[in-house]
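Q:
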Amino acid sequence: MSKRKHRRHHNKILDRKAGTRPGSLVVPAGAYPSRFFLMSFHEGYFEELEVKSLSELLQRVQAQPQARHWIDIRGYGDQAMLEQLTRELDLHPLQMEDVINDYQRPKVEEFDAHRLFIITRMLRWSPEFKTLEDVQLSLFTGPNYLLTLQSDYGDCLDPLRERIRRGKGVIRQRPAMYIAYAILDVVLDYYFPVMAEISHYLEELEQQVLLGPSKATLAQILDLKNELVRLRRITWPARDVMNELLRMGEATIPDALKVYFRDAYDHAVQLIDLVESQKETASGLVELYMSTVSNRMNEIMKVLTIISSIFIPLSFIVGLYGMNFAHEDPETGRVFPHSMPELYQPYAYPTLLLLMGILIMLQLYFFYRKGWFRSF
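Take 0 as the starting number for the sequence shown in numbering that gives the first Met the number 0 and just add one per residue.
Have a look at this one:
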C-alpha cells in the first residue's frame with residue numbers, strides 16, 4: 000500500500016505533458032469538486048459561511064473592504080473557476096500552475112505590490128500503513144484577504160478556525176499577513192505529533208529487532224527510512240520559507256510581525272533536528288539488525304563447530320576400524336601381528352564404544368573449561 004502511495008505522489012510530477020504552454024491550468028484527473036468557504040472579520044465583526052460559487056464569494060469580499068477575509072477554496076475540479084480566480088485576483092498563471100500541480104516543495108515568492116505566494120505541506124501519519132500522508136496548501140496574500148487552496152477537503156486548520164470564531168487573542172485585530180503566519184504555524188505544529196508517532200514506531204521496530212529480527216522487520220525499517228527522507232525534503236524547505244519571510248522588507252512583512260515568523264522559524268529548526276535524529280536512529284536500527292543477525296549466525300556456527308569437533312575424532316576411529324585388514328592369511332594361516340588383532344577380541348566392540356564415550360566426555364569437559372557454553 001505504501002509503495003502505491005509513493006507512486007501516486009511521483010506520478011503527479013511525471014504526468015505533466017512535455018511542451019505544455021507555461022501557466023496552463025490543467026485540472027488533474029480525479030480532482031474533487033470545488034467548495035468555497037469564507038471567513039470575514041474585524042475586531043467587532045465575524046461572519047463564516049460556505050457559498051456556492053466563486054462569483055458570490057468575491058462579491059461578499061468586495062462588499063466589505065474594511066474587513067479581513069480568509070478565502071478558503073478546497074478542490075480543483077472546476078477549471079473555469081480556477082481561470083476566473085486567476086483573473087479576478089490578478090494571480091500569476093505560473094503560480095496557479097504550481098497550485099494545480101500540487102506536489103511542490105515548500106517555497107515563498109514575492110510578486111506585485113508586496114503580495115506573497117507561499118506553498119507549504121500539511122502532514123499526517125497513517126497508523127495503519129505506517130506512512131506519511133501530505134497535502135499541499137497554497138497561500139496568496141492580499142491587502143485585506145488571505146487565499147488558501149488545497150486539493151482535499153480535510154486539513155489541520157480547524158483549531159485556527161475555532162480561535163477566529165471565538166475571537167481568542169488578537170487574531171481578529173491583526174492584518175491578513177498575520178493569518179498567513181497563523182496558518183504556517185499551525186501546519187508546523189502538526190509536524191510534532193507526526194514526529195512523535197514516528198518515534199514510537201522506531202521504538203517498536205527496535206523491540207522487534209532485539210526480540211527476533213526477520214526480513215519483514217528489515218523491510219519495515221527501510222520503508223521508514225524512505226518516509227524520513229521524504230520528511231526531510233519537506234522540513235528543510237519549510238525552514239527556508241521562514242528564513243525568506245524574515246528577510247523581507249517592512250512593506251511586505253512589518254517588523255511587529257517578524258517576531259512571530261521568527262518563532263515559527265525556531266519550530267522549523269527543531270523539526271529538522273528531530274528528523275535528522277530519527278534518520279540516524281533508523282540507520283542505527285539497520286546496523287543493529289545486521290549485528291543481531293550476524294550474532295545469531297555466529298551462535299549457530301558455534302554449535303555446529305562443537306558438534307563437528309565431537310564427531311571428527313569419532314569418525315576417525317570408526318573409519319580406521321572400518322578398513323577391516325585381516326589378522327591372518329585365510330589360506331596359509333599365517334598371523335599378521337600388525338593388522339588389527341583387537342578386531343578379534345571378545346569384548347572389542349563394547350570396549351571401542353566405551354573409548355569413544357570417554358573421548359566425548361573429555362571433549363565436553365575441555366569445551367566447558369574454555370567457557371564455550373556460557374553464551375548459550
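Where is the CB? At the ideal position from N, CA and C, for every residue including glycine.
Here the structure is a predicted model, which means the values were calculated and not measured.
Got a sec? Which residues, its chain only, sit under 6 Å from Ala-179 by beta carbon, not counting five neighbours each side?
A: So the qualifying residues of the chain are Leu-138, Thr-140, Leu-145.
Q: Nearest to Arg-123 by CA position, among Met-194, Val-169, Leu-93, Glu-55, is which residue?
A: Met-194
Q: DSSP on Leu-88, reduced to helix/strand/coil?
A: coil
Q: Using 8 Å as the Cβ pair cut-off and three pairs as the minimum, do the segment 237–248 and the segment 104–117 touch?
A: yes
Q: Give me the Cα-Cα distance between Asp-262 and Ser-293, rounded to the nearest whole angstrom.
A: 47 Å
Q: How is the beta strand (DSSP E) around Glu-47 delimited, first residue to last?
A: 44–50
Q: May I ask you to report which of helix, strand or coil DSSP gives Val-26?
A: coil
Q: Measuring CA to CA, which of Arg-164, Gly-74, Tyr-264 is closest to Gly-153?
A: Gly-74
Q: Whose CA, out of Thr-130, Ala-175, Ile-252, lies closest to the CA of Asp-222?
A: Of Thr-130, Ala-175, Ile-252, the smallest CA-CA separation from Asp-222 is found for Thr-130.
Q: Please determine if the segment 96–107 and the segment 52–68 are in contact, where contact requires at least 3 C-beta pairs separated by less than 8 Å.
A: no
Q: Could you tell me the distance, in whole angstroms, from the CA atom of Met-121 to the CA atom of Leu-136?
A: For Met-121 and Leu-136, the distance between alpha carbons rounds to 7 Å.
Q: Under the assumption that Ser-308 contacts Gln-344 (Cβ atoms under 8 Å), give the Cβ distance between them as a whole number of angstroms.
A: Not really, about 29 Å apart at Cβ, beyond 8 Å.
Q: Determine the contact status of Ile-220 and Asp-133, defining contact as a CB-CB distance below 9 Å.
A: no
Q: Are the segment 265–282 and the segment 309–316 touching, with three or more C-beta to C-beta distances below 8 Å?
A: no
Q: Can you tell me which of the three DSSP states Arg-114 falls into?
A: strand
Q: Below 7 Å CB to CB, which residues in the same chain sit around Met-355 once its five sequence neighbours on both sides are set aside?
A: The residues are Leu-313, Ile-316.
Q: What are the residues that DSSP puts in a beta bridge with Trp-124?
A: Leu-131
Q: How many angstroms separate the CA atom of His-5 from the CA atom of Ser-125?
A: Because His-5 carries a pLDDT of 45, less than 50, the predicted location of this residue cannot be relied on, and the following value inherits that uncertainty. A direct Cα-to-Cα measurement between His-5 and Ser-125 gives close to 14 Å.
Q: Could you check where the beta strand (DSSP E) with Tyr-144 kicks off and where it finishes?
A: 144–149
Q: Out of curiosity, what's the CA-to-CA distance linking Ser-198 and Ile-357?
A: 56 Å
Q: So what's Phe-372 in DSSP terms, helix, strand or just coil?
A: coil
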